[in-house]
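Enquirer:
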Amino acid sequence: MKTAITLSVLMVASVLWLLVMGSFITWRNALREFGVGYWLRLTVALVAFVWIVCGIAWLGELL
Numbered sequence: 005m006k007t008a009i010t011l012s013v014l015m016v017a018s019v020l021w022l023l024v025m026g027s028f029i030t031w032r033n034a035l036r037e038f039g040v041g042y043w044l045r046l047t048v049a050l051v052a053f054v055w056i057v058c059g060i061a062w063l064g065e066l067l
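Numbering (the numbering used here), first residue to last: 5 to 67.
#1: Work out the CA separation of residue 48 and residue 21 for me, nearest whole Å.
#2: Could you tell me whether the Cβ atoms of residue 60 and residue 8 are closer together than 7 Å?
#3: Between 43, 10, 14, 24, which has its C-alpha nearest residue 53's C-alpha?
#4: Using the C-alpha atoms, what's the distance from residue 50 back to residue 56?
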């Protein structure tokens, strides 16, 4: 039962990851249009990545 819950959470996280990355790529291109620098985009990407990884780890602890 725990394996099924874990797999379903991973599947939902994967779908959300695809949706977030699609919207983030669009948002990143919008930032480029406004001339925002490379380092700011990289920082935002890293913060988003760490936030997602920590969220999945936190969700795993709740299970």
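No residue lacks a Cβ here, since even glycine has one placed at the ideal position from N, Cα and C.
As the structure is a computational prediction, the values presented were derived from the model and not from experiment.
Expert: Straight from the coordinates:
#1: 15 Å
#2: no
#3: 24
#4: 10 Å
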